[in-house]
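The numbering used here puts the sequence shown at residues 3 to 316.
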Amino acid sequence: MTTSHVTKTRRPIIGYSLYLLAGIMWSVNGTVAKILLDTSIPSTRLSQLRVSAAFVVILVILLVVRRQSIRITSRREFGILALYGILGVTMTQWLYFVAIHLLPVGVALIIEFTAPLLVALWVKFAWNHHVPTAAWIGLCVALSGLVLITEVWNGFSLDPLGVLASFGAAAALALYFLAGEKALHGDTPRDSLSLTMWGFAFATMFWAIFQPWWSFPWDFLVGDALPWGVDGASVPLWVLAIWMVLMGTVFPFWIALEAMKHISSQAASATGMTEPVIASIVAWLVLGELLTGWQIIGGLVTLAGIAIAENARR
């Protein structure tokens, strides 16, 4: 009697395609969120709606297909998940919304994408681990790109609060990476989907405490938006809100996880560098956001620096 072992085949083309699709969804979501923010809904409330609705959807999926993965096994794991959800998920989402409300979507994303550089700095100075020389070169390249993006020679042309929020989102995203890696590969490893669910769960609890649901301004969903500026091309705001939750949050997270079955995290990170570029194009087409020549060059330089640093760190 023989036992056959089935080996899962990795298909890089599928992996790259899926991760690129997830990146496109996230890119479009930046413009969708900005349209919703222009209705005067506070960024805190839009963040609350996004994480809470996404949490409910993912929880239902897990209850159907993988109920046992929901369980928290220790107080230590509870603490890590709480840190991951409250400071990682909540602050990243909220500060990103603040940033795109005040800055061009592409610029806000490029600054937020400096998170891997902050991870490298944390690894070096907090954990005293070796960081390759190439990573420092990438850091310098990225910083020079940021100087071009902000056009400091023109007296800092960007909104200071928006820039501050973007860097805050980058710091929160760095913590998201660090706490998420600890949860995925710690003493009690957790699968990615349940980790995502718990991240949204703690974010949902955080906002529910500080912003009770009975005071949520549901009337902001009443009305239409004219994102393309063409007569008769209006879109109901509630449709955009549903898009933000499903196509801008739940589906891209799931697709990205599926992509990781076929490509490495380094390859996924490199593919993800297309997100700020796509987001800038979408914001230009839909919102009319035009970047200056120096900002475009600076964005490309910054992304190149991040890629150099991330490749060296890995």
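Built from N, CA and C at the ideal position, the CB exists for glycine as well.
1) At what residue ranges does the segment 181-251 contain a whole run of the beta strand (DSSP E), taking only runs of 3 or more?
2) CA-CA distance, residue 232 and residue 124?
3) Can you tell me where the alpha helix (DSSP H) holding residue 2 begins and where it ends?
4) Just to confirm, is the Cβ distance from residue 275 to residue 38 under 8 Å?
5) I need the boundaries of the alpha helix (DSSP H) containing residue 70, first residue and last residue.
6) Measuring alpha carbon to alpha carbon, tell me which residue in 110, 93, 94 is nearest residue 101.
7) Please look up how many angstroms separate the CB atoms of residue 203 and residue 57, rounded, as I've assumed it's under 8 Å.
8) Would you decide whether residue 177 is buried or exposed? Buried here means 16 or more other CB atoms lie within 10 Å of its CB.
9) Out of 98, 287, 308, 59, which one is the CA nearest neighbour of residue 171?
10) With distance defined between alpha-carbon atoms, name the residue in 49, 32, 197, 273 nearest to residue 313.
11) If you compare alpha carbons, which of 91, 59, 17, 42 is closest to residue 221?
12) In whole angstroms, what separates the C-alpha of residue 60 from that of residue 11?
13) Can you tell me where the alpha helix (DSSP H) with residue 151 in it begins and where it stops?
14) Could you tell me the alpha carbon to alpha carbon distance between residue 36 and residue 103, rounded to whole angstroms?
This is what the structure holds:
1) none
2) Position 230 of the sequence shown, counting from 1, holds the residue named residue 232. Position 122 of the sequence shown, counting from 1, holds the residue named residue 124. The predicted model places residue 232 with a pLDDT of 48, which falls under 50 and marks its position as unreliable; any figure quoted below should be read in that light. Each residue's alpha carbon lies about 48 Å from the other.
3) Within the shown structure, residues of the chain are numbered from 3 to 316, placing residue 2 beyond reach of any answer.
4) Locating residue 275 in the sequence shown gives position 273, where the first residue counts as 1. Locating residue 38 in the sequence shown gives position 36, where the first residue counts as 1. No, the Cβ-Cβ distance between residue 275 and residue 38 is not below 8 Å.
5) Sequence index remark: in the sequence shown, residue 70 carries index 68 (1-based). Neither: residue 70 is in no alpha helix (DSSP H) and is coded neither H nor E.
6) Here the question's residue 101 lines up with position 99 in the sequence shown. Just measuring C-alpha positions, the residue of 110, 93, 94 sitting nearest residue 101 is 110.
7) For the purposes of this step, residue 203 is taken as residue 201 along the sequence shown, with counting starting at 1. For the purposes of this step, residue 57 is taken as residue 55 along the sequence shown, with counting starting at 1. About 5 Å; that satisfies the 8 Å criterion.
8) Residue mapping note: residue 177 aligns to position 175 of the sequence shown, counting from 1. In the assembly as shown, residue 177 is a buried residue. Its beta-carbon has 16 or more other beta-carbons within 10 Å.
9) For this step, residue 171 is matched to residue 169 along the sequence shown. The option with the nearest alpha carbon to residue 171 is 98.
10) Here the question's residue 313 lines up with position 311 in the sequence shown. Considering only alpha carbons, the answer is 273.
11) Position 219 of the sequence shown holds residue 221. Minimum Cα distance to residue 221 is reached at 42.
12) As a working note, residue 60 is residue 58 in the sequence shown. As a working note, residue 11 is residue 9 in the sequence shown. Going from the Cα of residue 60 to the Cα of residue 11 covers about 27 Å.
13) Within the sequence shown, numbered from 1, the residue matching residue 151 stands at position 149. It spans 135-152 - the alpha helix (DSSP H) in which residue 151 sits, taken as one unbroken run.
14) On the sequence shown, position 34 is the one that residue 36 refers to. On the sequence shown, position 101 is the one that residue 103 refers to. When only Cα atoms are considered, residue 36 and residue 103 end up about 6 Å apart.
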